[in-house]
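One structure below.
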Amino acid sequence: MTHNVHPASNAAQQQDSQRSEKMRLQQRDRQLSTMLCVQVVVYMIFTISYPINTLYNAAVLIIGGQKSTERAAIENFVLFMTSSFLLNFYSAAPFSVFLTSGASRKEL
Numbered sequence: 001m002t003h004n005v006h007p008a009s010n011a012a013q014q015q016d017s018q019r020s021e022k023m024r025l026q027q028r029d030r031q032l033s034t035m036l037c038v039q040v041v042v043y044m045i046f047t048i049s050y051p052i053n054t055l056y057n058a059a060v061l062i063i064g065g066q067k068s069t070e071r072a073a074i075e076n077f078v079l080f081m082t083s084s085f086l087l088n089f090y091s092a093a094p095f096s097v098f099l100t101s102g103a104s105r106k107e108l
């Protein structure tokens, strides 16, 4: 009879092990989903600046009016900064996610 007790404890240990593994996988899935959502939101926030700038320039052209050289220089500077920032952010976003993510560092 005593040999029947050991298999029951092994089965319980296996179930506990399976539950903990399942919980670990669910936690990792939540972390990765959160990372993806944050990356999408940040990307949307940074990419909205270029269309806003383009719409502003189109509205100014439609309305007319002369721009001073100082205003034109400021607008060109803003356009340059937004477009170059977007290009750099787009290529650096996955790298920054890998650096800040605990789940991806554990996978590597």
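Position 34 of the sequence shown, counted from 1, bears residue number 34 in full-length UniProt numbering, the numbering being contiguous throughout. The beta carbon of each residue, even a glycine, is placed where N, CA and C say it ideally should be. As the structure is a computational prediction, the values presented were derived from the model and not from experiment.
Checklist entry - Among Q31, F80, G64, S17, which residue has its Cα nearest to the Cα of N53? => result Closest by C-alpha distance to N53, out of Q31, F80, G64, S17, is F80.
Item to check | 7 Å Cβ shell around S83 - same chain, five flanking residues per side excluded | outcome: Y50
Next on the checklist: Taking the straight line between their C-alpha atoms, what separation do you get for A73 and K67?
Outcome noted: 10 Å
Checklist entry - Looking at L99 and F46, is the spacing between their C-beta atoms short of 8 Å? => result no
Next on the checklist: Let's see if you can read the secondary structure: which residues bound the alpha helix (DSSP H) around S68?
Outcome noted: Element bounds for S68: n/a, residue is neither H nor E.
Next on the checklist: Within a Cβ cutoff of 6 Å, which residues of the same chain sit near Q15, ignoring the five residues on either side of it in sequence?
Outcome noted: Correct list: empty, nothing qualifies.
Next on the checklist: Looking at A93: is its Cβ nearer than 8 Å to the Cβ of Q31?
Outcome noted: no
Checklist entry - Under the three-state reduction of DSSP, which class applies to I48: helix, strand or coil? => result coil
Item to check | Candidates M44, T69, E75, E70, of which the one nearest Y56 by Cα | outcome: E75
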